[in-house]
Amino acid sequence: MLLIHIVTLAILQGFTEFLPISSSAHLILVPQLLGWSDQGLAFDLSVHLGTLMAVIGYFYADVKRLVQDGLLSLATREHVGMSRLAWAIVFGTVPAGIAGLMLLDYIDTSLRSATVIFFTTVIFGLLLGLTDYVGKKDRELNSINWKDVLIIGIAQAAALIPGTSRSGATITAGLALGLTRKDAAKFSFLLAIPITFLAVLVKGYELITTNETTLWMPLILGCVVSFLSAIITIHLFLKFIEKFSLQIFLVYRLLLGLTIYLVLLR
67 MLLIHIVTLA ILQGFTEFLP ISSSAHLILV PQLLGWSDQG LAFDLSVHLG TLMAVIGYFY
127 ADVKRLVQDG LLSLATREHV GMSRLAWAIV FGTVPAGIAG LMLLDYIDTS LRSATVIFFT
187 TVIFGLLLGL TDYVGKKDRE LNSINWKDVL IIGIAQAAAL IPGTSRSGAT ITAGLALGLT
247 RKDAAKFSFL LAIPITFLAV LVKGYELITT NETTLWMPLI LGCVVSFLSA IITIHLFLKF
307 IEKFSLQIFL VYRLLLGLTI YLVLLR
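This note's numbering puts the sequence shown at residues 67 to 332.
Below, the structure is given as structure tokens:
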């Protein structure tokens, strides 16, 4: 890969992973639109590892307490501190974990088309705009119950389809359940940790078993750039949604859908 390809795709991954606009769609479409060769499994793994480290680093204090309180609750068999949220994140990961194990090969081989991405980009963009407009946005994160967790977890599972956006689907579900924008986004970001970790493990295993020669410098650079890009994006996005609505992302997704239709589908 050329240096410009590495940096562009790594920035793109870090920027789009936590915005409700679908990182998978951009990593698939941008090389197609620019005539670049596919970046390959190893590079995808490196930039996902970068974004995983970014969200853990940004929410390190929360992650540390979630792990500690979650483990302590196992020992005491009662909720301790943030243990309820810790277990909500664990159980919220289950639907996507099951769907990934059952459907990942089908998704990777049959659903990475421009047609699928066009429809998911537009449809889930409209759902995001609708829930942001009509949602009550008066519930805090500590109010979520197991029904809420199941709904958000199913939304995350649906986001395995390219173009849907994991953060977009989970934030949409959170807003539909009445969470504030900031708390819907925060739960979405924390929920990204276990599912991204599992995805990195699966892709890492696939990479090891292929016995392909690995060029490490492009992967290290991609990981570092995606990490920095993701840290900046998380911070700015959380600041943004404190003051502004998410309608700008609806507009972006509709424009992206129009671009896909005009350039790749006509």
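Yeah, the Cβ is synthetic: ideal placement off N, Cα and C, and Gly gets one too. Computed from a prediction, not measured in an experiment: that's the story for all the values here.
Any idea what DSSP makes of residue i, helix, strand or coil?
i	result
Leu245	strand
Arg205	strand
Pro97	helix
Trp282	helix
Thr230	coil
Glu308	helix
Arg360	With the chain covering 67 to 332 only, the question about residue 360 has no answer from this structure.
Phe255	helix
Ile220	helix
Asp174	helix
State the Cα-Cα distance for the pair residue i and residue j, rounded to the nearest angstrom.
i	j	result
Val291	Ile217	33 Å
Ile122	Thr280	26 Å
Gly106	Leu85	23 Å
Leu302	Asn277	40 Å
Lys252	Gln222	14 Å
Glu272	Trp282	16 Å
Leu140	Leu151	14 Å
Val268	Tyr172	15 Å
Ser88	Thr142	40 Å
Phe185	Glu144	44 Å
Thr230	Val96	16 Å
Ser90	Ser233	11 Å
Leu111	His92	15 Å
Lys213	Ile70	45 Å
Glu206	Ser103	44 Å
Using a threshold of 8 Å, state whether the C-beta atoms of residue i and residue j are closer than that.
i	j	result
Pro284	Met67	yes
Ile365	Val129	Past the boundaries of the shown model lies residue 365; the chain is included only from 67 to 332, so the question cannot be answered.
Arg319	Gly191	yes
Gly240	Ser254	yes
Leu167	Ser149	no
Ile261	Ala165	no
Ala235	Gly201	no
Lys388	Ile286	The chain is shown from 67 up to 332; residue 388 falls before or after that span and cannot be answered.
Glu83	Ala250	no
Val317	Leu99	no
Phe125	Leu256	yes
Report the CB separation of residue i from residue j in whole angstroms; it is logged as a contact under 8 Å.
i	j	result
Val182	Ile227	7 Å
Phe109	Thr299	At roughly 19 Å, the Cβ-Cβ gap does not stay under 8 Å, so Phe109 and Thr299 are not in contact.
Gly288	Val113	5 Å
Gly323	Thr187	5 Å
Ile326	Ala180	6 Å
Ala154	Val215	5 Å
Gln313	Gly195	6 Å
Thr238	Leu193	5 Å
Can residue i be considered in contact with the ligand NAP, in the sense that its beta carbon sits closer than 7 Å to one or more heavy atoms?
i	result
Gly288	Only the bare structure without any ligand can be found here, which leaves the ligand NAP out of the picture.
Of the residues the options, which one's Cα is nearest the Cα of residue i?
i	options	result
Thr246	Asp198, Gly288, Val268	Asp198
Phe315	Ile94, Phe263, Ile189	Ile189
Leu78	Thr275, Gly116, Leu137	Gly116
Ala224	Lys203, Gly158, Asn208, Lys252	Gly158
Leu132	Leu294, Thr175, Ile72, Asn208	Asn208
Lys203	Leu321, Val160, Val73, Phe310	Phe310
Using a Cβ-Cβ distance cut-off of 8 Å, determine whether residue i contacts chain B.
i	result
Ala120	The chain inventory of the structure shown lacks chain B, comprising one protein chain alone.
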